[in-house]
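Numbering (mature numbering (1 follows the signal peptide of the UniProt record, and there is no 0)), first residue to last: -36 to -1, 1 to 256. Think of the CB as a built atom: it goes at the ideal place given N, C-alpha and C, for glycine as much as any other residue. Fair warning: this is a prediction, and the values are worked out from it, not measured in the lab. Everything on this sheet refers to the single structure shown next.
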Amino acid sequence: MKKAGLPIRKKRLYFFRIVCALAVAVAIISGASAQAPLLPRHYTCYRAEKGISVDGRLSERSWKKAAWTSSFVDIEGDKKPLPRQDTRVKMLWDDRYLYIAAQMEEEHIWAYQNKKDQIVYLENDFEVFIDPDGDTDNYYELEINAINNIFDLFLPKPYRKGGRAQIDWDIKGLKSAVTVDGTVNNARDKDKRWVVEIAIPFESLSIENVKPLIPADGAEWRINFSRVNWQHEIGEDGRYNRKRNAETGKIIPEYNWVWSPQGIINMHYPEYWGKLLFSAEKVGKAKGIAQK
């Protein structure tokens, strides 16, 4: 009996070692594919001098003094070429709001999604991702298109950890405005840019048992921005459509341009986002702090 059982135990041990080796290999491969950039971008956010009127024009002195971020890059970073159209962001804050302004160069500005919580990223859009306490759970996403249509959602944890988007959640008290240097949905001309201005109430970044985190001087949040940009073609009706591969008939994947590169094609790794540092100093007063 002992001699008969020995080969079985060896086979089981051999099988167990193979399974362990495969598990380690999968973990290594997954880790390599999800390797984060060594240095996430950072931005020091200063206080606005006075109240900001959210009209998409950025005409206040505070906006003129606020520094732009560096230009957006591909979501994978240096693995891909630089974006062919420029995108930059600047930020401010006061006791109630985080203010975000984005400027996007665009030769063809188009947007048809006009109902709240439509899947805005199925067309060109600008996106904001915020994790106030930086623990990678309980984070918020906001998408906006060139006609100021909003898609906002809450995620208790990333999709890869089983998180499910709560689309019925809304940013209460959100203010947003868009201005366009050009014409929307007109394929006969070339446009220059569109500007998004947003005011997010700190109190609104909460849900059920997740209390809002009101920033103070020196607070650090995780934040990132994404610009989804599709190649397009013009239909016989003059309407913009996402471009399809002539051979396969499938829609060509979108460009995904971001402020702080993720290293992978997935925005839902909050640990890879950039860092937002809140300063109690009024904008324009501090010297020698570079934004990246």
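Handout entry: Beta-carbon proximity check, D101 vs K121, cutoff 8 Å
Key = Against the sequence shown, residue 101 aligns to sequence position 137. Against the sequence shown, residue 121 aligns to sequence position 157. The beta carbons of D101 and K121 sit closer together than 8 Å.
Practice task
May I ask you to report which of helix, strand or coil DSSP gives L203?
Solution key: On the sequence shown, residue 203 is found 239 positions in, with the first residue counted as 1. Before going on, a small fix: residue 203 reads as Arg here, not Leu. DSSP, reduced to helix, strand and coil, places R203 outside both helices and strands of the structure shown, so it counts as coil.
Problem - Nonlocal neighbours in the same chain, by C-beta distance under 7 Å from I83, ignoring five residues either side - result: By one-based count along the sequence shown, residue 83 stands at place 119. Taking I83 as the centre and dropping the five residues before and after it, the same chain places the C-beta of F115 closer than 7 Å to its C-beta, in chain order.
Practice task
Would you kindly work out how many angstroms separate the C-alpha atoms of N209 and K44, rounded to a whole number?
Solution key: On the sequence shown, position 245 is the one that residue 209 refers to. On the sequence shown, position 80 is the one that residue 44 refers to. For the pair N209 and K44, the Cα-to-Cα distance works out to about 20 Å.
Handout entry: Simplified DSSP state of V84, which is helix, strand or coil
Key = To locate residue 84, count along the sequence shown from 1; it is residue 120. V84 falls in the helix class under three-state DSSP.
Exercise for the section: To the nearest angstrom, report how far apart I228 and D99 are at their CA atoms. Expected result: If you number the sequence shown from 1, residue 228 lands on position 264. If you number the sequence shown from 1, residue 99 lands on position 135. One C-alpha to the other measures close to 20 Å.
Problem - Spatial distance of W185 from W74 (CA atoms) - result: By 1-based counting over the sequence shown, the position of residue 185 is 221. By 1-based counting over the sequence shown, the position of residue 74 is 110. Distance between the alpha carbons of W185 and W74 is about 32 Å.
Handout entry: Three-state secondary structure assigned by DSSP to G41
Key = Counting from 1 along the sequence shown, the entry for residue 41 is found at position 77. Correct three-state label for G41: helix.
Handout entry: Pairwise C-alpha distance: L62 and N78
Key = On the sequence shown, residue 78 is found 114 positions in, with the first residue counted as 1. On the sequence shown, residue 62 is found 98 positions in, with the first residue counted as 1. Rounded to the nearest angstrom, the two C-alpha atoms are 25 Å apart.
Exercise for the section: Hey, could you find the ends of the alpha helix (DSSP H) R25 is sitting in? Expected result: Along the sequence shown, one-based indexing puts residue 25 at 61. From DSSP, the alpha helix (DSSP H) with R25 extends over R25 to K29.
Exercise for the section: Compute the Euclidean distance between the alpha carbons of N205 and E218, then round it to the nearest angstrom. Expected result: For the purposes of this step, residue 205 is taken as the residue at position 241 of the sequence shown. For the purposes of this step, residue 218 is taken as the residue at position 254 of the sequence shown. The straight-line gap separating the alpha-carbon atoms of N205 and E218 is approximately 12 Å.
Handout entry: Residue environment, L3, which counts as buried when at least 16 other CB atoms sit within 10 Å
Key = Counting from one through the sequence shown, the residue named residue 3 turns up at place 39. Counting Cβ neighbours within 10 Å, L3 comes out exposed, since fewer than 16 surround it.
Practice task
Please list, in chain order, all residues of the same chain as I94 whose beta carbon is under 7 Å from its beta carbon, the five residues on each side excluded.
Solution key: Locating residue 94 in the sequence shown gives position 130, where the first residue counts as 1. Closer than 7 Å at Cβ, skipping near neighbours: Y103, Y104, L169, W185 and I187.
Practice task
Report the residue from E245, V142 and D89 whose alpha carbon sits nearest the alpha carbon of G182.
Solution key: Locating residue 182 in the sequence shown gives position 218, where the first residue counts as 1. Ranking E245, V142 and D89 by Cα distance to G182 puts E245 first.
Handout entry: Exposure label - E126; buried when at least 16 CB within 10 Å
Key = On the sequence shown, residue 126 is found 162 positions in, with the first residue counted as 1. The residue you asked about is not Glu; residue 126 is Gly in the sequence shown. Exposure of G126 is indicated by the presence of fewer than 16 other C-beta atoms within 10 angstroms of its C-beta.
Practice task
Apply the 10 Å Cβ neighbour rule to residue 279 and answer buried if 16 or more other Cβ atoms are within range, or exposed otherwise.
Solution key: With the chain running from -36 to 256 in the structure shown, residue 279 is simply not present.
Problem - Opposing strand residues paired with G213 [DSSP bridges] - result: For the purposes of this step, residue 213 is taken as the residue at position 249 of the sequence shown. Residue pairing by DSSP places G213 opposite no residue, since no beta bridge is assigned to it.
Exercise for the section: May I ask which residues mark the beginning and end of the beta strand (DSSP E) holding F118? Expected result: Reading the sequence shown from its first residue, position 154 is the one you call residue 118. For F118, the enclosing beta strand (DSSP E) has its first and last residue at I114 to L119.
Problem - Residues near N113 by beta carbon distance below 8 Å, same chain, minus five either side - result: As a working mapping, residue 113 is identified with position 149 in the sequence shown. Only A75, Q77, N78, K79, K80, Q82 and V84 meet the Cβ criterion.
Exercise for the section: Mind the definition here: the region 49 to 59 touches the region 127 to 137 only if three or more C-beta pairs lie below 8 Å; say whether that holds. Expected result: These segments do not touch.
Practice task
Pick helix, strand or coil for K125, following the three-state DSSP scheme.
Solution key: Taking the sequence shown and counting its residues from 1, the one referred to as residue 125 is at position 161. K125: helix per DSSP, three-state reduction.
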